[in-house]
Amino acid sequence: MYAAQHLLERSDLAVEIDLYERLPTPWGLVRAGVAPDHPEKKLVIDRQFSFALQDSRLRYLGNVEIGRDVRPAELAEWYDAAIYATGAASDTRMGIPGEELPGCWAAREFVSFYNGHPDFADLKIDLQSERAIVVGNGNVALDVARILTMPVAELERTDISDQALAALRDSRVREVVLLGRRGHLQGAFANPELEELEHIPGVEVTAEGEDLPDDDDVMLDGADWTTRRKLDTLKRLVRRPSSNPRKRIIFRFLSSPVEIVGNGRVEQLLVARNRLERDAGGRLFAAATEEQEVLQAGLVLRAIGYRGDPFPGLPFDTRRGVIANLGGRIADDGKVWPGAYVTGWIKRGCRGIIGSNKRCAAETVAALLEDRAVGRLRAPEIGRDSVLAILRDRQPELVRLDGWRRIDHAERSAGRELGRPRRKLTRTGELLACAAAEQGLHQESSR
Amino acid sequence: MGKQVHSFCRICEPTCPLIADIDDTGKVTALRPDSTHPSGGIACHKGLSFLEVHNDPDRLNWPQRRLNLRTEAEGDYAQVGWDEALADIGGRMKSIRDEHGPNSIAVYVGNPMVFDTTGAMMAEMFKNTLGTLMRFSSNTQDTQNKVIAAGEAFGSLGSFTVPDLQNTDYLLCLGSNPRVSRWTVMSMPNDDVDVLRRIRGRGGKIRFVNPRRVESSTEETGPTLRIKPGTDVYFLIALLNEIELKGGFREDLLQEHGIHVNELKAFARRYPAERVAGVIGIPAETVSEIAGEIIAARSACIFLSTGVNQSRQGVLAYHVAEMIAFATGNLGRRGGHYKPNGLRNEFKPFDKVQEITTSVGTFELPDPVSYMALPASILPELIENGDIRAFITIGGNPLLSVGGEERIRAAFPKLELTVSIDIFRSATAEMSDYVLPATDWMERMDINFLSSNSMQPLPFIQFTDPLERPAHDRRHVVWTLSRLLQEMALPSPLLDSDPEMTDGVGLIEGLLQLRDLSIEKITALDHSTALLPEEPPEAFYEKCLQHPHKKVDCCPSAFVRTRLFERCEEILAELEREPDDTLKLISLRTRYMHNSWLANAAKFRRGKETTNPLNMCEADASARGLFNGDVVRISNEHGTIDSQILVNNDLRPGVVAMSHGYGHSRSFGLRVARQHPGANCNILMPTGPHSYEPLSYMSWLTAVPVSVAKL
Ligand SMILES: NC(=O)c1ccc[n+]([C@@H]2O[C@H](COP(=O)([O-])OP(=O)(O)OC[C@H]3O[C@@H](n4cnc5c(N)ncnc54)[C@H](OP(=O)(O)O)[C@@H]3O)[C@@H](O)[C@H]2O)c1
Ligand code: SF4
Chain V
1 MYAAQHLLER SDLAVEIDLY ERLPTPWGLV RAGVAPDHPE KKLVIDRQFS
51 FALQDSRLRY LGNVEIGRDV RPAELAEWYD AAIYATGAAS DTRMGIPGEE
101 LPGCWAAREF VSFYNGHPDF ADLKIDLQSE RAIVVGNGNV ALDVARILTM
151 PVAELERTDI SDQALAALRD SRVREVVLLG RRGHLQGAFA NPELEELEHI
201 PGVEVTAEGE DLPDDDDVML DGADWTTRRK LDTLKRLVRR PSSNPRKRII
251 FRFLSSPVEI VGNGRVEQLL VARNRLERDA GGRLFAAATE EQEVLQAGLV
301 LRAIGYRGDP FPGLPFDTRR GVIANLGGRI ADDGKVWPGA YVTGWIKRGC
351 RGIIGSNKRC AAETVAALLE DRAVGRLRAP EIGRDSVLAI LRDRQPELVR
401 LDGWRRIDHA ERSAGRELGR PRRKLTRTGE LLACAAAEQG LHQESSR
Chain X
1001 MGKQVHSFCR ICEPTCPLIA DIDDTGKVTA LRPDSTHPSG GIACHKGLSF
1051 LEVHNDPDRL NWPQRRLNLR TEAEGDYAQV GWDEALADIG GRMKSIRDEH
1101 GPNSIAVYVG NPMVFDTTGA MMAEMFKNTL GTLMRFSSNT QDTQNKVIAA
1151 GEAFGSLGSF TVPDLQNTDY LLCLGSNPRV SRWTVMSMPN DDVDVLRRIR
1201 GRGGKIRFVN PRRVESSTEE TGPTLRIKPG TDVYFLIALL NEIELKGGFR
1251 EDLLQEHGIH VNELKAFARR YPAERVAGVI GIPAETVSEI AGEIIAARSA
1301 CIFLSTGVNQ SRQGVLAYHV AEMIAFATGN LGRRGGHYKP NGLRNEFKPF
1351 DKVQEITTSV GTFELPDPVS YMALPASILP ELIENGDIRA FITIGGNPLL
1401 SVGGEERIRA AFPKLELTVS IDIFRSATAE MSDYVLPATD WMERMDINFL
1451 SSNSMQPLPF IQFTDPLERP AHDRRHVVWT LSRLLQEMAL PSPLLDSDPE
1501 MTDGVGLIEG LLQLRDLSIE KITALDHSTA LLPEEPPEAF YEKCLQHPHK
1551 KVDCCPSAFV RTRLFERCEE ILAELEREPD DTLKLISLRT RYMHNSWLAN
1601 AAKFRRGKET TNPLNMCEAD ASARGLFNGD VVRISNEHGT IDSQILVNND
1651 LRPGVVAMSH GYGHSRSFGL RVARQHPGAN CNILMPTGPH SYEPLSYMSW
1701 LTAVPVSVAK L
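Top line first, the protein sequences correspond to chains V and X. Residue numbers for the first sequence follow my numbering, beginning at 1 and rising by one. Residue numbers for the second sequence follow my numbering, beginning at 1001 and rising by one.
Here is the structure:
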């Protein structure tokens, strides 16, 4: 969306944009990734993206999968340039025995589930055990811990999926353990996200595995301001007096998962205690000690990073988990493919907040415009109308702007009755039916 | 190797210090905040992005003459030479003036001129020499109520006060959003409202009163009391009354410095908090609580700004705010309302008026006029009725910035001559016979005259050279207007003094001389800045009270003469009768808008800034079956516009908001703005004889009833 916006802003160019989306719905990570209790992070839709989507120079083409319905090679022929912003559809695995057992999920799957992503709408996640373990200390881990411990009544005021609400209403999870392989000073989470834990009613937060240092502790020497701030928050959190908490979140630092044990499903997690050591480059890493411990848990969620998947027909950098590129230009082994670009997580890896993608897209768009200026782009071989005709032929259930608007309205109307911002449609069939509703009444615009 | 030059921004009141990086060819390559300047002001993104405006390919570079009739929306312009253009304009103005009198020539001066010291002085001289009282300006859209109210109460049009934010313990801030719009009619160094955090830091309290929870209102500053729009005046009167009831009046001070005190009290007693609570949407107990807070505070300020100024009763609202300060001992006191030292620091008595008679009535203006203007909202009538024959616009865009766009457009072809002096071919310029290219602030020498005119808490005078030579055939308005006078065979500064004079050096030297300074002396100082000594706040009584009796007039006879008190009662009755589901449109300024000059900057036209959505809270949207993004028609008796809904829960239910400065679909010379024209909400604003405040001539531009229907 940011890339489209950057292009539309160029009033000196006669741009025309086709925006492809695999799902019937737009907004990618903002719809399917941002936690439901973070509506302020979704404001970018109403304040920015929706205005780009309604720009007459942009055509929304939902429910079209590149790779299945259209090949990248075709895009190269149809357009001056193609920008891939496909995000991360996969995640880093722990690589430990028992990871395949039922009850072990990727946080990504759980996030997609509670955000109503159609591919995960009916995830059979079992929340019947008392303890859940989240591996990782990033913001995703905190998102998940929050959702698992928040009072359902609060979630009922958000746009969380109905299936997730049902599962959380029945949840027996009382304790969420966050495993951090390194120490409290190395947490990847951000301070505002940490502070939020303070505001979950009835939730006690504790830290284990390592004593939290005093202000004048030598180990704080050299710690930067951000780190100190996070530590202050953490200390404040664990020192809060708590009486009779409903649920608990436990930070367990210096701990790595070793093996998941269970008879046909997750029952225990074997955890190794770590020690911090410095590698040759001076970076602190976690080295396992002999000490191990068994934690009972029926649910293990790994939140140790997202990864991009290889994209059929495009070069992939398996090490970084991104489409191989040089500053946004897709490049195979250092050789640039003219007219093909990437932006977002699939370009630079899974880091940063929503807003980080703005600058990322600006770099890509600048590369594109530079290539255009020096004549490196090939003119399209077919016109816009022909593209649309081909797409309709291949995907009769193409979702256009009016279709998305109907979905948007339907979701918001349903939400309004319940005092929620929206009630998401989560199954592809429902979405497509809604998009197509009363289509006969309107002459669909052919732009 | 290039050089760095100290200068300052001239977009709004803080006039923030800047450093300009200038390369060897003399081009400015960057504008940066000047953190070393003693004022401590930090330039914001608007000032720092001004290079986009300066280098905009749509800038006007040569005089242009319209070849086709003004009945056609799009002008067909041909480039002409200055001499040819000025000779033709001057000749036609002369014959219009000879035949129909000086008042047949109207001059409209826009907001950017306020920040062009010599240009503004020359424009004043131009109008005086023409002898026309047919004067209009953006002041009647934003501030004229304060100027005239201060003139009546304190005796000088320059005596409006400044709140001592640096030292105050209590701030009541109405209709103002300093975080976005800055402090207006005062020049507070821009600090992203750090000054407010400091009030809290020293244990003080801040309350915002606004129909919308404003960006300035945060946990670090203070809460917003969401008042019903357009009712601030009743809140303030009730507050004054409540303060008296609680025994909070400093009767000794009222006795010593005031006249007509009893009349003021009698007026206030008619509006007890219980009476107005329903209309203002604030419980009587809250009004009483605030009264208690003001009395208890060691010092207190009441600051009100554009949101109140534009809402029909700006004079009374401002007057009552000043009277609260006066009655509680906060006038001319540290932490209260005061008048800082300034370049001129001289407050001329306001004791004479002059009249102009038009087809819609007789109007008074101060004598000398002192930058005051007639009601802009009667422009459509005056043009339609033929009062105005020639219309000269200087750095303004009245077609969009006052109500009645369609009427003005329809009437414009009646004018015999229209000229627009601007840096862009704006909507108004598009309707002109001649469009004359002006300089922007980077292209001219200046001093921060407006700000340094007793509006700064830390008084200083700053001088700047032009950062770049004017490009192409752009000319400073001082030269253009002087040449026009010359062509009309009227006295012109060009005749008497230096014929080469282009940018009013002499005028600046004259101003600096008031402080024993000169351009040479001030440029020798650090940052070309001369600090002025601070004066005790008590000096207010000495220097600002300019009535012959040297007292504060608590109930000026002009208010009675213009029926302000009766009108106050009538409007209250009108508000009481209003149906419960009335929607009122207020104005909302975003961080990306200022005046027409910023409308064409692509970086300010992103996301919701590409349209001008109608902000509405969820409750109101829900009640009307509307959703975010829905296209709606907004209408009232004055006009109809289309926009789309943006759900914004900062708004009080019953209030909708849009931004001014949109509606560029026919601004053919502004290519970026035209691509994202947005709707001109001023089309919904009242025009004509009853649309302005009778004493200040302020337009009614906010809290206007509208209806909204889904399209
Ligand atoms: N609210 C928000 O703003 C928000 C919400 C969600 C996501 N995000 C952003 O989205 C991005 C992705 O978030 P994320 O949480 O998925 O990733 P992340 O921030 O990279 O965090 C990954 C965490 O997993 C740990 N880890 C990695 N490999 C591990 C292994 N093999 N065994 C045990 N622990 C391991 C890391 O520890 P080490 O430090 O030791 O490597 C780190 O604590 C981040 O930039 C994040 O800020 C933001
Ligand atoms: S606050 Fe006003 S004067 Fe200061 S930089 Fe911004 S626009 Fe310019």
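Ideal Cβ positions, reconstructed from N, Cα and C, are used throughout, including at glycine.
Beta-carbon contacts of residue i that lie in its chain and below 7 Å, excluding the five residues immediately before and after
i	result
Lys235/V	Leu212
Leu1545/X	Phe1154, Gly1155, Lys1551, Val1552
Per-residue contacts from residue i into chain V (C-beta, under 8 Å)
i	result
Gly1629/X	Asp46, Ser50, Gln54, Arg405, Asp408
Span separating the alpha-carbon of residue i from that of residue j
i	j	result
Gly1639/X	Lys230/V	55 Å
Ser1643/X	Ser1176/X	25 Å
Leu301/V	Asp122/V	17 Å
Phe1424/X	His1054/X	10 Å
Pro1653/X	Ala1291/X	26 Å
Asp1620/X	Glu1609/X	22 Å
Leu377/V	Leu388/V	22 Å
Thr226/V	Phe1559/X	58 Å
Asp1023/X	Val1005/X	11 Å
Ser161/V	Tyr114/V	5 Å
Arg246/V	Arg1182/X	47 Å
Arg146/V	Leu19/V	34 Å
Arg447/V	Leu178/V	The predicted model places Arg447/V with a pLDDT of 38, which falls under 50 and marks its position as unreliable, so this point remains unresolved.
His1037/X	Cys1044/X	15 Å
Cys1301/X	Asp1164/X	7 Å
Ser1217/X	Tyr1318/X	22 Å
Val336/V	Trp27/V	28 Å
Val1708/X	His1527/X	52 Å
Supposed close pair residue i, residue j - CB separation, criterion 8 Å
i	j	result
Leu1467/X	Met1431/X	Leu1467/X to Met1431/X, Cβ: 32 Å. No contact.
Ala88/V	Arg307/V	6 Å
Asn1448/X	Thr1118/X	About 13 Å; that fails the 8 Å criterion.
Ser1239/X	Val1287/X	Checking the sequence shown, residue 1239/X turns out to be Leu, not Ser. Leu1239/X to Val1287/X, Cβ: 6 Å. Contact.
Thr1439/X	Pro1470/X	5 Å
Val1402/X	Asn1682/X	6 Å
Gly1329/X	Tyr1338/X	About 12 Å separates the two Cβ atoms, so there is no contact after all.
Proximity test, residue i beta-carbon vs ligand 3 heavy atom, cut-off 8 Å
i	result
Cys1016/X	Of the ligands this structure carries, namely ligand 1 and ligand 2, none is ligand 3.
Where residue i meets chain V, residues with beta-carbon distance less than 9 Å
i	result
Gln1456/X	Those within 9 Å of Gln1456/X in chain V number zero; the least Cβ separation is about 34 Å.
Neighbour list for residue i in chain V, Cβ cutoff strictly below 7 Å
i	result
Gly1607/X	Arg47, Gln48, Phe51
Leu1646/X	Asp46
Thr1610/X	Phe51
6 Å Cβ shell around residue i - same chain, five flanking residues per side excluded
i	result
Leu441/V	Reliability of the predicted coordinates at Leu441/V is poor, the pLDDT of 43 falling under 50, and no value is obtained from them.
Met1186/X	Val1162, Met1455
Tyr2/V	Asn357, Lys358, Ala361
Ile1259/X	Lys1551, Asp1553
Trp1441/X	Arg1010
Beta-carbon contacts of residue i that lie in its chain and below 8 Å, excluding the five residues immediately before and after
i	result
Asp332/V	Pro315, Ala324
Lys1246/X	Ser1288, Ala1291, Gly1292, Ile1295
Within chain X, the residues that residue i reaches when beta carbons sit closer than 7 Å
i	result
Ser11/V	Ala1602, Arg1671, Val1672, Gln1675
Arg416/V	Ser1622
Chain X contact residues for residue i, given Cβ-Cβ distances below 8 Å
i	result
Arg412/V	Phe1627, Asn1628
Contact set between residue i and chain X, taken where Cβ atoms lie within less than 9 Å
i	result
Gln5/V	Arg1606, Gly1607
Whole runs of the alpha helix (DSSP H) within the segment 1050-1098 of chain X, excluding any shorter than 4 residues: 1050-1054
Please go through the segment 1233-1282 of chain X and give each complete alpha helix (DSSP H) segment of 4 or more residues, from N-terminal end onward. 1251-1257, 1261-1269, 1273-1280
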